[in-house]
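Trainee: The structure's right below; bear with me while I get my questions together.
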Amino acid sequence: MTSESVQPVSGPSRRTVVAAVGAAGLSVALTACGSQDEPSTGSALAKTSDIPEGGGKVFSDEKVVVSQPTAGDYKAFSTICTHQNCPMTDLKEDTLSCACHGSQFSVLDGSVKKGPATQALAAKEISVSGDSIALA
Ligand code: FES
1186 MTSESVQPVS GPSRRTVVAA VGAAGLSVAL TACGSQDEPS TGSALAKTSD IPEGGGKVFS
1246 DEKVVVSQPT AGDYKAFSTI CTHQNCPMTD LKEDTLSCAC HGSQFSVLDG SVKKGPATQA
1306 LAAKEISVSG DSIALA
């Protein structure tokens, strides 16, 4: 046995540096995860069972109405009135009415039922997967 087994002191300080870099990397990873919490297109909007056949349902936050003209066939339209852009929420059976000037639209095909609006509602893309309806 000799006294030549003295270790260099650089070992512990190198470990400290590695730990600090590791913590920084973790912080970056958490930030990246947080940014994915925002609502995005493609997220589920409704269940197919929420949409009555021959009628529809308004989703005010998304400004969209989803309808089911015939069994298993789903359509979606913007709920922004084509007259002067009022958002509409008043849906009775298949008719969406505008509170601003009284226009009425069919949610089955987006067509104008009553003026002053003259243009049909803008169609929205949706995808149906199993019993889930999502904005495309
Ligand atoms: S904005 Fe809807 S009827 Fe005028």
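One rule links them: number in the working numbering = place in the sequence shown (from 1) + 1185.
Using N, Cα and C, we set each Cβ at its ideal position, and we do this for glycine too.
Computed from a predicted structure; not experimentally measured.
In chain order, what are the residue ranges of uninterrupted beta strand (DSSP E) at least 3 long that sit wholly in the region 1238-1294?
Mentor: 1241-1244, 1249-1255, 1258-1263, 1275-1277, 1280-1282 and 1289-1291
Trainee: For THR1328 and GLN1289, what's the separation of their Cα atoms in angstroms?
Mentor: A question about residue 1328 goes unanswered here, because the residues of the chain that appear run from 1186 up to 1321.
Trainee: With a threshold of 8 Å (Cβ to nearest heavy atom), would SER1291 be considered close to the ligand FES?
Mentor: Your numbering for residue 1291 matches position 106 in the sequence shown. No, the Cβ of SER1291 stays beyond 8 Å of every heavy atom of the ligand FES.
Trainee: Buried or exposed: which applies to ALA1261, given that a residue is buried once 16 or more other Cβ atoms fall within 10 Å of its Cβ?
Mentor: Here residue 1261 refers to the residue found at position 76 of the sequence shown. ALA1261 should be labelled buried.
Trainee: Which residues count as close to the ligand FES when the rule is a CB under 5 Å from any of its heavy atoms, in chain order?
Mentor: Those residues that have a beta carbon less than 5 Å away from any non-hydrogen atom of the ligand FES are, in order along the chain, CYS1266, HIS1268, GLN1269, CYS1271, CYS1283, CYS1285, HIS1286 and SER1288.
Trainee: When the distance is taken between beta carbons, is LYS1277 closer than 9 Å to GLY1287?
Mentor: Within the sequence shown, numbered from 1, the residue matching residue 1287 stands at position 102. Within the sequence shown, numbered from 1, the residue matching residue 1277 stands at position 92. No. Outside cutoff.
Trainee: On the DSSP letters alone, give me the boundaries of the beta strand (DSSP E) that ALA1231 sits inside.
Mentor: Locating residue 1231 in the sequence shown gives position 46, where the first residue counts as 1. In the DSSP annotation of this structure, the continuous segment of the beta strand (DSSP E) that includes ALA1231 starts and ends at 1229-1232.
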